[in-house]
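Chains as they are written, first to last, in my numbering: chain A, 2 to 280; chain B, 583 to 918; chain C, 2 to 428; chain D, 2 to 450. No residue lacks a Cβ here, since even glycine has one placed at the ideal position from N, Cα and C. Keep in mind that this is a model prediction, so the values were computed, not measured.
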Amino acid sequence: MAFPGAGIAKGMAQTFRNFFAPKVTRQYPEERPQMPERWRGRLDLIYDPFGEHKCEVCFQCAQVCPVEAIDMSGFDTQGNRIRYGMPEIYDERRDPNAYRRAGQPARPMRNPARWDESVDTPWVDETVDAFGGRPEALVAIFRAVEERYGYLPERALRRISDRMTIHWAQVFGAAGLGGFRLLPVAGHVVTVCDCAACRFAGGPSLLDAIRDELGIEVGEETADGGITLEVGSDVGAGASSPAIRIDTLVYGPLDPEKARHLVSERRAAAARVAEGTPA
Amino acid sequence: MDWELVLGIGRFLLATTLILLLTVPTAFVIIQMEMKIIAQLALRIGPNRIGPRGMFQSTIHGFKVLAKEDTVPDQADRSTFTLAPWMVYMAAAMSMIVIPFAPGAIAADFSIGIVYFFAVLGLSVVGLLVAGWASYNKYSLLGGLRSAAQMVSYEIPLTLSVVGVIVLAGTLSFSEVIAWQLEHGWLLIWQPLGVAIFYVASLAEINRTPFDMVEADSELVAGPFTEYSGMRFGFFFFAEYVALFIMSGILISLFFGGWLAPWPFPAQLEGFAGTLYGIVWFFLKTYLFVAVAVWLRGTLPRVRVDQLMGMAWKVLLPLALVNLFITAIAVVVFNL
Amino acid sequence: MTTVDPETRIPDPIELDEAEEARLRAAAGLGPTPREGGEYAGFESVGIPDRPPQTEREREVYTLNEGEMLINLGPQHPSTHGVMRLVVKVRGEVIVDIDPVLGYLHRGIEKLCENATYTTVLTYVDPMDYLSAMHNEHAPAIAFEKLYGIKAPPRAEYIRALVVELNRVFSHGLMMGFLALDMGGLTPILYSFINRDEVVDMLSAISGQRMLFNFFRIGGVNWDTNDEFLSRLGTWRSHVLDNLLMNERMITDNEIFTKRTKGMGVLTGDEAISLGVTGPNLRASGVPFDVRKAHPYSIYHELEFDVITQQSGDSYARYLQRIAEIKQSIHLIDQIIDKMPHGPVQAQVPGIIRPKPGRAYGAVESPRGLYSVYAISDGGPNPYRFRMRDPSFISLQALPKIMPGRLLADTMAVMASFDPVMGGVDK
Amino acid sequence: MASTISPQIRILPGGEHRLLTEIGRVDPGSLASFREAGGYGGLERAVTRLAPEEVILEIEGAGLRGRGGSGFPTAEKWRVARDTPADRKIIVANLMGADPSALGDRALAEGNPHLIVEGLLIAAYAAGASEAIVAVRRDWTDAIARLRRATADATDAHLAGYLVLGTDTSIQLSVWEGSGAYVAGEETALISALSGDRGMPLIRPPFPATRGLHGVPTLVQNAETLAHVAWILSHSSEAFASVGTEASRGTKLVTVMGRVNEPGLVEVPLGTSIGAIVDLAGGPGGSAKAAFVGGPGGGALTAAEFGTPYDYESLEAAGALIGSGALLVVDGATCMVDSARFFADFSAREACGKAVPCRIGTRRLVEALDRILAATPRPNDVTLLRELSRKIADTALCRLERIAPGPILTTLDRFSDEYRAHAERGECLAGACQAPGGSPLLEPLAGLE
């Protein structure tokens with residue numbers, strides 16, 4: 002202590018400075034705090050693969066909650082309305098789900114054919130977890146699934162929605178806009194580039210030639226199942242326009258003759274593989 | 583009939599009524615200042631919901647206090663319990679009578695104004711002591727005793743520091759002290775040590791942080807006010823802030839030129855204009871010192887009760903005596 | 002509806018008027034209702050238990066000599082750090098004796114834990130010492146991992162060390178503010194809370210909760226770090242020392258503050274050891290004991306740090322000790338981030354753990370001292386016995402030892418310098 | 002080392018190479034190789050020696066404007082982000098490559114990913130952002146892998162992450178993939194895609210600068226802009242401003258394609274005439290008739306207008322825009338009506354569906370153009386094209402929607418004779434379309450001069 006009162010003066014100077022400093026108060030109802038991504042204060046019910054809440058309204062959670070924070074209401078399997086706490090807090094559970102669990106399918110399943118898709122759900126879970134379940138990673142997860150299955154099986158999407166607790170509609174919407182395949186394709190996929198560069202460098206003539214060579218229209222597959230023809234603007238041909246893409250490889254610049262040759266060769270190779278005679 | 587006397591009585595009644603009416607808005611303004619300034623010091627925004635920029639927050643507090651239930655502890659001494667707030671409040675309001683707001687705007691310009699002021703101010707200690715005793719609560723009792731010890735002790739250096747002023751100015755009237763300052767410059771220059779002693783002692787006298795032993799919320803809950811609620815508590819509360827206003831007003835009257843402008847031009851206007859001009863300067867300076875007191879409260883912790891008493895007797899009292907001694911010698915030697 | 006015979010019905014005391022009470026008491030063979038007489042009657046009766054003293058110590062505290070009185074500080078008092086009651090025997094304002102009375106916040110956490118599965122125990126210990134919830138979870142996690150015989154992956158250990166050090170920073174930071182608040186300083190506590198809010202936002206970014214984090218798991222932690230957490234950590238790191246300085250300027254050199262803390266509440270090293278005081282309070286008395294160094298757990302053996310001590314053992318030393326430890330923790334956080342390996346954050350454990358019968362002990366250095374857990378397993382899914390040692394409880398025992406002879410005004414200031422948290426004391 | 006980038010990206014010599022100099026010379030997978038070439042010098046200088054405000058002043062002094070198409074002054078954008086009070090801010094590098102035929106961003110990401118990362122870190126430092134995200138189009142797998150590697154290397158070398166270079170700054174760096182949709186390049190759509198939603202634009206306000214990703218103030222910057230930032234900090238703002246026009250300084254990556262002899266990527270100072278850019282690409286193959294400047298939402302300029310300087314103001318005045326940096330040259334054998342239909346169709350197909358004027362309106366534009374091409378127009382079809390285009394632009398939710406009618410409006414103005422020939426006589430002046438011929442209209446088409 003150098004000079005009596007110096008310490009007090011230091012504190013007084015500090016408060017004086019802070020008098021003019023920006024304030025930290027949050028004006029609550031007007032300024033909402035920004036909740037962390039992992040915020041657990043908001044409960045979110047998990048959905049089952051049918052798009053219904055997985056909750057059975059068994060009240061076990063409400064009964065054991067030490068601070069009685071959980072309320073719920075719903076219908077039991079007999080259709081009786083049951084209630085535990087205030088009904089407006091939790092989404093009321095719909096009775097079809099309860100019926101189905103009771104062994105009486107109350108309504109047909111969505112897309113029953115798709116339900117048979119064999120999807121390695123543990124692998125999907127692992128993939129989701131590998132990205133930390135972060136919403137930013139959705140597209141990366143889609144890409145991994147597409148790489149494995151060639152398209153995005155609905156069952157895998159449901160599983161992703163379930164695992165990440167993102168609503169099904171959200172997952173499906175994101176998948177629909179990303180240029181992902183939602184249906185399986187057969188054989189090799191030949192994509193003719195439709196970007197501006199290719200189009201004005203002769204892309205349409207390539208398409209005509211390939212159509213002619215394969216005898217199919219865009220979106221169809223050849224009779225032997227070897228090749229599917231598509232048009233897309235995401236080939237990224239750039240300076241090698243006009244170009245086509247076969248599976249993941251881009252070929253260009255091409256003229257119609259070369260394209261015809263390329264496609265027929267690939268088709269023959271696919272046929273040889275199908276017959277079991279290696280080239 | 584002595585019209586002079588009737589007029590005098592009428593003028594006195596009017597002035598005292600005005601003074602009483604002034605106390606409430608004064609308390610409101612200072613409470614608002616306190617809430618807002620302390621908030622700003624602590625990086626908060628402070629009250630901002632009631633009225634524009636939260637201006638009426640303290641007013642609403644006042645009405646809230648009015649509306650609250652007035653409880654009396656079961657075993658309290660009911661009559662003194664009821665009387666105590668009134669005593670404290672009246673002590674504050676009465677001492678306001680001699681505050682010189684502006685030329686011609688003094689409720690009662692006694693020739694012994696300074697003596698009157700210290701005499702009346704000392705009354706509030708009785709109120710606090712009574713409140714502490716009557717509440718039938720140990721915290722209150724301790725608080726009341728602390729207030730008695732503290733205020734009686736600090737009255738001595740407080741008064742002694744003013745004696746220097748009296749010796750220099752040669753008067754006991756506030757308006758004449760100010761007139762002296764108009765002639766010779768602010769007493770701040772003549773009595774620097776006196777100002778320091780007066781300021782410290784006045785903070786202790788009105789129980790402001792860092793000397794708020796009487797309330798000491800972290801030790802004695804609320805001191806003598808612990809058992810009070812409703813408007814009775816309101817009276818204590820208002821009296822505290824009115825006392826802060828009075829002390830700042832007296833400080834500037836004695837040492838900072840009172841209603842005088844800080845630069846000499848225009849030295850003193852005549853008539854109504856002069857009164858208005860004086861009032862403006864008086865309030866500006868007074869509230870500046872009120873703000874400083876609030877700033878201190880926002881920054882400093884509280885001293886301990888024994889350190890507080892030690893400071894009064896071991897530091898301030900000798901200093902005040904030295905100050906008086908030097909002043910007296912100077913007056914004699916330089917024939918001021 | 003059953004009818005009650007008005008003669009045999011025992012009325013509630015509140016219904017009794019005085020005459021009837023006298024009649025009933027006479028009928029029961031009791032004397033007249035004891036009424037306090039005299040002016041001081043109330044003062045003596047309040048605070049004395051209405052039963053004969055049980056122990057020698059109780060007799061000593063509750064026997065009043067001439068000029069003494071008892072004051073109840075708490076359980077409802079502005080500055081008792083929760084709901085705590087100190088019965089203070091004073092002569093004037095000078096303290097003669099202190100009897101801390103506990104239990105106003107008792108929630109039976111140990112018993113709750115013994116009825117919970119091992120996994121859910123970690124959720125119940127959070128509200129113990131609510132200012133250091135991460136440490137509360139750390140000790141049982143260590144004990145259960147020993148009991149079950151697994152190890153958390155290295156990255157999990159680093160994350161654990163990171164979050165507990167962050168917790169220590171804000172806990173110590175709050176102590177600075179509370180100490181000033183108990184001396185009447187209004188502002189430092191708000192500066193402390195600015196800092197705490199930032200850390201708590203950060204910890205909620207990693208754990209999802211702001212106060213009772215529930216972040217530790219047996220065999221790891223709940224989540225890996227994410228960018229939100231790390232970015233908040235970085236932002237906070239860039240100005241935490243400035244924030245700290247703001248409070249230091251307000252407090253450290255302030256003459257009023259130093260006068261009230263230097264030489265106050267002196268606890269010598271030997272006294273502290275014999276009382277069992279640990280943590281910063283012990284180190285402030287010059288005893289270099291730090292669980293992180295003495296019995297390294299988690300990854301503390303990989304980090305470089307020294308045990309900080311102060312010499313004087315007074316309130317001021319305890320305050321300086323906290324500031325030094327905040328800076329040390331920040332230094333540790335830098336090291337942890339620097340060395341953090343990649344990998345999983347959770348070992349494989351089943352949902353319900355049934356350890357082999359046995360016993361295990363886990364101790365951590367919490368902001369208040371040695372916080373430890375002792376668990377006994379009988380092979381079932383719940384701990385057979387679950388015992389926690391809370392450091393604040395021990396620290397409070399020093400109060401009756403050091404306060405007599407001091408002033409009432411210093412009780413709170415000295416108590417705040419020990420930084421007790423009643424949630425931990427009362428369990 | 003020419004094979005370091007995909008063969009589709011051909012970098013042409015000539016022009017003013019700044020961002021492109023190191024491509025092919027540094028190893029995109031190696032931090033050391035980039036640092037040898039002077040990399041991260043700019044970041045080091047910014048973080049250790051300059052205050053954030055000084056960095057912004059330096060960028061302001063350079064006069065850098067956003068290369069993502071809007072041309073908004075970068076320094077001003079940063080300052081807004083910097084002044085927004087928030088305890089957490091995010092900056093996103095936009096590599097979504099909205100226009101699939103533009104190559105600039107992809108060339109940088111594949112050939113010199115560290116340059117983008119460096120610029121991003123500098124921008125994060127200047128704007129006070131503590132999180133930096135690189136959002137890459139999912140098709141660019143090479144770019145994704147290289148950027149992932151680059152960010153991991155940079156973090157390991159303490160160039161990012163906790164306490165950058167030992168200073169008080171911390172910036173968390175991550176790479177995320179975005180869907181390959183055209184609309185995903187729009188900043189609010191990018192933000193909703195990153196938050197796990199369908200990549201659709203959001204209503205503004207709130208602007209991303211105040212409430213973006215996760216509700217946090219978010220700054221979205223184009224990758225090329227960020228590369229320029231890194232260049233400015235490692236060279237100087239004077240050097241940057243030494244080329245270009247008064248209002249548009251520096252260089253720009255332009256993808257020249259279509260009927261040119263050497264299609265590819267060039268870097269030219271802003272203000273270079275379009276003719277000169279075409280000449281850098283080996284000149285037009287045959288006789289150039291027009292050029293579509295600015296990708297799918299750009300405008301058509303006739304060959305006579307090839308003297309127009311390539312900068313923000315001049316192009317806007319001419320009805321075109323810099324847009325994605327694509328420059329498509331067409332020759333006399335290209336029907337302009339058909340071209341306009343192609344671009345309109347692209348916009349219609351890529352519409353995300355959120356805004357009705359975009360989803361339905363662009364579809365109607367295509368239908369009207371189809372009728373004109375089939376020589377069966379309704380009398381008010383041209384008026385419809387103009388009015389609907391204006392309405393789409395007025396009610397647009399995102400920038401991509403606002404510029405979508407550009408090709409139609411410019412071709413309507415500049416090549417009205419081709420429209421007239423198609424509509425009234427069923428004849429293609431360029432001889433490209435299989436025109437139906439015959440059946441002249443009973444009443445003249447309104448709206449064409």
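Query	Result
Segment contact, 8 Å Cβ cut-off, at least three pairs: the region 297–315 of chain D with the region 31–43 of chain D	no
Spatial neighbours of Gly746(B) in its chain, beta-carbon cut-off 6 Å, leaving aside the 5 residues before and after	Gln773, Gly776, Asn905, Leu906 and Thr909
Alpha carbon of Leu602(B) to alpha carbon of Val824(B), nearest angstrom	11 Å
Selected residue, minimal CA-CA separation from Ala10(A), among Met251(C), Met265(C) and Ala20(C)	Met251(C)
Residue from Arg19(D), Arg250(D), Arg150(D) and Ser171(D) whose Cα sits closest to the Cα of Pro74(D)	Arg250(D)
Closer than 8 Å to chain C by CB, Arg89(D)	yes
Trp124(A) - DSSP class collapsed to helix/strand/coil	helix
Secondary structure of Cys114(C), DSSP reduced to three states	helix
Cβ pair count under 8 Å reaching 3, the region 115–131 of chain C against the region 195–209 of chain C	no
Alpha helix (DSSP H) segment containing His189(A), residue limits	His189(A) -> not in any alpha helix (DSSP H); beta strand (DSSP E) instead, spanning His189 to Cys194.
Among Asp382(D), Asn262(D) and Arg360(D), nearest to Ala282(D) - alpha-carbon criterion	Asn262(D)
Residue-chain proximity (Met123(A), chain D), Cβ-Cβ < 8 Å	Residue identity differs from the one stated: residue 123(A) is Pro in this sequence, not Met. It does not; no Cβ of chain D falls within 8 Å.
Close-in-space but distant-in-sequence residues of the same chain around Gln9(D) (CB under 6 Å, 5 per side omitted)	none
Beta carbon proximity, Glu94(C) to chain B, threshold 8 Å	yes
The region 721–737 of chain B contacting the region 704–712 of chain B, beta-carbon criterion three pairs below 8 Å	yes
Element boundaries [alpha helix (DSSP H), containing Glu214(A)]	Gly204 to Leu215
Collapsed DSSP secondary structure at Trp772(B) in the structure displayed	helix
When Pro421(C), Val415(C) and Val374(C) are compared against Ile110(C), the one with the closest alpha-carbon	Val374(C)
Beta-carbon gap between Ile327(C) and His173(C) smaller than 8 Å	yes
DSSP-derived helix/strand/coil call for Tyr252(A)	strand
Length of the line joining the Cα atoms of Gly75(C) and Val88(C)	8 Å
Residue from Ile788(B), Leu878(B), Phe815(B) and Tyr810(B) whose Cα sits closest to the Cα of Ser677(B)	Ile788(B)
Which of helix, strand or coil DSSP assigns to Glu93(A)	Note that Glu93(A) scores a pLDDT of 35, beneath 50, so its modelled location is shaky; the value from the coordinates is reported in the next line. Reduced to three states, the DSSP call for Glu93(A) is coil.
Completely contained alpha helix (DSSP H) runs for the region 181–247 of chain D, where each covers 4 or more residues	188–195, 224–235 and 238–242
CB contact flag (Gly220(C), Ile151(C), <8 Å)	yes
Start and end residues, beta strand (DSSP E) containing Asn95(D)	Ile91 to Leu96
Status (buried if at least 16 other CB within 10 Å, exposed otherwise) for Gly752(B)	exposed
Chain-ordered residues of the region 385–419 of chain C with a beta carbon less than 9 Å from chain B	Leu408, Leu409, Ala410, Asp411, Thr412, Met413, Ala414 and Ala417
Residues near Val415(C) by beta carbon distance below 8 Å, same chain, minus five either side	Met265, Gly266, Ser316, Leu400, Ile403, Met404 and Arg407
Alpha helix (DSSP H) runs wholly inside the region 291–340 of chain C, at least 4 long, in chain order	292–295 and 316–340
Selection from Lys260(C), Ala206(C), Ile274(C) and Ala162(C) that minimises the alpha carbon distance to Pro342(C)	Ala162(C)
Leu139(A) at chain D interface by Cβ criterion, 8 Å	yes
Close Cβ partners of Gly64(D) (< 6 Å) along its chain, the five nearest in sequence each way excluded	Ala242 and Arg250
8 Å Cβ cutoff, Gly86(A) in contact with chain D	Note that Gly86(A) has pLDDT 47, beneath the 50 cutoff, so the model's placement of it is unreliable and the number below is only indicative. It does not: the Cβ of Gly86(A) has no partner Cβ on chain D nearer than 8 Å.
Meets three-Cβ-pair contact criterion under 8 Å: the region 176–183 of chain D and the region 132–151 of chain A	yes
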